[in-house]
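A.B. asks: Here it is, the structure in full.
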Amino acid sequence: MTTRRPPTGPPGFTLTDTAVSLMVGAVLILIVSSFLVDGQRSFTQAYGGVFGSPAQEALAARAVFRRTIRQACAGMAAVAADGRWIEVRYYSSPGVSAPDRAARFEVSGQDLHLRRSVLETGQTLSLETVCRNVVSVQFHLTGGSAQMFLTLDDGSSSQTVNTAAAMRSP
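The opening position of the sequence shown corresponds to residue 1024 in my numbering, with each subsequent residue numbered one higher.
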């Protein structure tokens, strides 16, 4: 004799199975979304550090410093005792027999300026703001080269520039 089973209903998930599956799915979605948000924050912070204002100003300061020092005459440079400014002399044109211009890097407040002037009269030809948000700057003369150690900080990111350039022979 065969026994018959009582009917149990159509096959499928029960309400409990569905609720547990939804909870597990929700927890997984929350975990994955927290990883995505954290990754986005890290990317934004790294991007700001590489392409932010201090990074761009650091590149510009390095380029201006190197260009100016390479134009200067070796042996005709002066640096402050505390290293806060450097002044170099250079030729205004190839036909001039002696250096007739001066370029001076100096800090005023939180800005690094490049002042170009006529050597004889001291008349300022131009005053260029090289970079802003300067925390510290030090200049050094070593033989026929000049060094600049510059730190920039805008509150959200900071950059340190260490650069040197050789001056031309007199």
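We treat Cβ as the ideally placed atom computed from N, Cα and C, and that holds for glycine.
Remember, it's a predicted structure, so these values are computed and weren't measured experimentally.
Bridge partners for Met-1171 per DSSP, in chain order?
C.D. replies: Numbered from 1 along the sequence shown, position 148 holds the residue referred to as residue 1171. In DSSP, Met-1171 forms a bridge with Phe-1162 and Thr-1186.
A.B. asks: If the criterion is Cβ atoms closer than 8 Å, does the pair Arg-1127 and Leu-1142 meet it?
C.D. replies: Sequence index remark: in the sequence shown, residue 1127 carries index 104 (1-based). Sequence index remark: in the sequence shown, residue 1142 carries index 119 (1-based). Their beta carbons are not under 8 Å apart, which means Arg-1127 does not touch Leu-1142 by this criterion.
A.B. asks: State the Cα-Cα distance for the pair Asp-1177 and Phe-1074, rounded to the nearest angstrom.
C.D. replies: Taking the first residue of the sequence shown as 1, we reach residue 1177 at position 154. Taking the first residue of the sequence shown as 1, we reach residue 1074 at position 51. Cα-Cα distance, rounded: 13 Å.
A.B. asks: Quick one, are the C-beta atoms of Val-1160 and Arg-1107 less than 8 Å apart?
C.D. replies: Residue numbering aside, residue 1160 sits at position 137 when the sequence shown is read from its first letter. Residue numbering aside, residue 1107 sits at position 84 when the sequence shown is read from its first letter. Yes, these two residues count as a Cβ contact at 8 Å.
A.B. asks: Per DSSP, which residues does Phe-1036 bridge with? Please list them.
C.D. replies: By 1-based counting over the sequence shown, the position of residue 1036 is 13. None, per the DSSP bridge assignment.
A.B. asks: So who's on the other strand from Ala-1100, going by DSSP bridges?
C.D. replies: Here residue 1100 refers to the residue found at position 77 when the sequence shown is read from its first residue. Bridge partners of Ala-1100: Val-1111.
A.B. asks: In terms of residues, what are the limits of the alpha helix (DSSP H) holding Ser-1149?
C.D. replies: The residue you call residue 1149 lines up with position 126 of the sequence shown. Counting along the chain, Ser-1149 falls outside any alpha helix (DSSP H), though it belongs to the beta strand (DSSP E) covering 1147-1154.
A.B. asks: Where do the ends of the alpha helix (DSSP H) carrying Leu-1082 lie?
C.D. replies: As a working note, residue 1082 is residue 59 in the sequence shown. Counting along the chain, the alpha helix (DSSP H) containing Leu-1082 begins and ends at 1076-1094.
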